[in-house]
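Numbering (the working numbering), first residue to last: 11 to 221. Even for Gly, the Cβ is constructed at its ideal location relative to N, Cα and C. Since this is a predicted model, take the numbers as computed values, not measurements. Everything on this sheet refers to the single structure shown next.
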């Protein structure tokens, strides 16, 4: 496990040893234009539905070994964060970017911890996480130089690297650069949530079962 401090929060990196098998299985899936992106700038696994009736990747038998490994990674993350509840996948899907496609700005709702597994792609194309610069977000929604406030965002970029699994807080906004390669860029996104008894000093207790 590699832990780094990014935008004031811990991010975690792991590396999956058999990414070629994952790539082979992902290429057998059917993809659809992303229904959650008005620009339709990428493709998404057809098991994702706007009505929430999803067929998650972690329920498919061909990805069992991968998600067993991911859950072991999240056990390490939970231990580092001193989370006593088990972190369990509550949503999983894959994105496909053809040449020139990109992934829009977004966060991951209904999630505690999110993650991204790079399966294919070129390292020159980045995923960018960003946070508002407090000097500009309230006083200058448009920066004083006339540009959109994104110019003044605090940001961090991570290169695409097949096999890399990066874990990050769900509420941090992020997007992906255009795919500059002739090869399709495929990534897997997974959201995790604590399951079991969640307690705060024994006073406030919540019991959650993630299925």
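- Bounds of the alpha helix (DSSP H) holding residue 77 are 74-90.
- Taking 8 Å as the cut-off, the Cβ atoms of residue 176 and residue 21 count as close.
- Ranked by how close their Cα comes to the Cα of residue 130, the residues 18, 13 and 37 have 37 in first place.
- Annotation: residue 212 to residue 47 spans about 42 Å, alpha carbon to alpha carbon.
- The beta carbons of residue 203 and residue 218 sit about 7 Å from each other, so the pair counts as a contact at 8 Å.
- Contact holds between the stretch 130-139 and the stretch 161-171, because three or more Cβ pairs, one in each stretch, are under 8 Å apart.
- Per DSSP, residue 177 is one residue of the beta strand (DSSP E) stretching across 174-179.
- Fewer than three beta-carbon pairs drawn from the stretch 86-95 and the stretch 109-120 are found closer than 8 Å, and the two stretches are therefore not classed as touching.
- Closest by C-alpha distance to residue 13, out of 178, 133, 97 and 216, is 178.
- Taking every protein chain shown into account, the CB of residue 75 has fewer than 16 other CB atoms within 10 angstroms, so this residue is exposed.
- Of the candidates 55, 52, 196 and 69, 196 places its Cα closest to the Cα of residue 30.
- With distances taken between CA atoms, residue 28 lies nearest to 173 out of 118, 141 and 173.
- At least 8 Å separates the beta-carbon of residue 125 from that of residue 58.
- Beta-carbon to beta-carbon, residue 53 and residue 43 are separated by about 6 Å, close enough to satisfy the 8 Å threshold.
- Following the DSSP letters along the chain, one finds residue 168 inside the beta strand (DSSP E) bounded by residues 164-169.
- Here residue 34 carries a helix assignment [DSSP, helix/strand/coil].
- Check the Cα spacing between residue 118 and each of 108, 207, 215 and 101: the tightest is with 101.
- In summary, residue 145 is exposed, with fewer than 16 beta-carbon neighbours lying within 10 Å of its beta-carbon over all protein chains present.
- Put simply, the backbone Cα of residue 104 is about 10 Å away from that of residue 128.
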